[in-house]
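Offset between the sequence shown (1-based) and our numbering: plus 29.
Notes follow the structure.
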Amino acid sequence: MNSAWIWTPPPIKTANRVPDPDRVDRGLLDTSVVIDLGSISPKDLPAEVAISAITLAELAAGPAAARNAEIRATRQDRLQRTEAVFDPLPFDADASRAYGRIFAAIMEIGRKPRGARSVDLLVAATALAHSMPLYTRNPDDFIGLEKLVEIRSV
């Protein structure tokens with residue numbers, strides 16, 4: 030991703046908008062979608078988008094994990110642009126309870142709910158707590174959650 034990355038979210042105002050039966054009104058963006066926003070058509074996203082505080086935490090960790098100055102600068106730019114555009118949904122008591130359901134669903138299918146993918150499950154819990162579909166570039170990360178969260182592949 031280059032430093033010219035600019036993305037403006039779709040307008041939240043919906044008066045005079047022609048309803049599209051295939052387009053969801055609201056949705057939570059997974060970190061993978063936020064990272065690739067510059068290359069995703071707004072038509073592939075809901076009219077109103079949100080992110081989780083967990084996604085913002087992942088993006089905040091990105092510059093620290095960068096291998097070189099160029100990658101670090103790109104990740105820092107992405108973080109700052111995301112902070113300027115989004116007011117993230119908190120990981121609150123409702124999301125904590127939803128995480129218990131997410132954790133149980135993953136255990137039930139024999140997958141590990143801890144480790145590298147645990148952050149993805151926290152994002153999914155935020156979507157569940159807010160009754161929002163989850164938009165992701167990595168739908169396989171959310172296998173087993175289909176009964177709890179609508180997963181939309183972008």
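We treat Cβ as the ideally placed atom computed from N, Cα and C, and that holds for glycine.
What separation, rounded to the nearest whole angstrom, lies between the Cα atoms of residue i and residue j?
{"i": "L118", "j": "R96", "result": "30 Å"}
{"i": "R55", "j": "I100", "result": "31 Å"}
{"i": "I131", "j": "L85", "result": "20 Å"}
{"i": "E112", "j": "V178", "result": "25 Å"}
{"i": "V78", "j": "Q109", "result": "17 Å"}
{"i": "A127", "j": "L57", "result": "15 Å"}
Relative to the C-alpha of residue i, which candidate in the options has its C-alpha closest?
{"i": "V152", "options": "R140, D123, M136, E137", "result": "D123"}
{"i": "D73", "options": "K176, S160, V63", "result": "V63"}
{"i": "D169", "options": "M161, A156, V183", "result": "V183"}
I need the DSSP call for residue i, collapsed to helix, strand or coil.
{"i": "V78", "result": "strand"}
{"i": "I138", "result": "coil"}
{"i": "I172", "result": "coil"}
{"i": "I64", "result": "helix"}
Among residues of its own chain, excluding the 5 on either side of residue i, which ones have a beta-carbon nearer than 6 Å to its beta-carbon?
{"i": "A33", "result": "Residue confidence is low: A33 scores 40 on pLDDT, short of 50, so the model does not pin down where it sits. Its coordinate-derived value is still stated next. Excluding sequence neighbours, A33 sits near nothing in its chain."}
Look at residue i and residue j and say whether their C-beta atoms are less than 8 Å apart.
{"i": "F115", "j": "D149", "result": "no"}
Counting only the same chain and skipping the five closest in sequence on each side, list residues whose C-beta sits under 8 Å from that of residue i.
{"i": "F120", "result": "S81, A82, I83, L151, A154, T155"}
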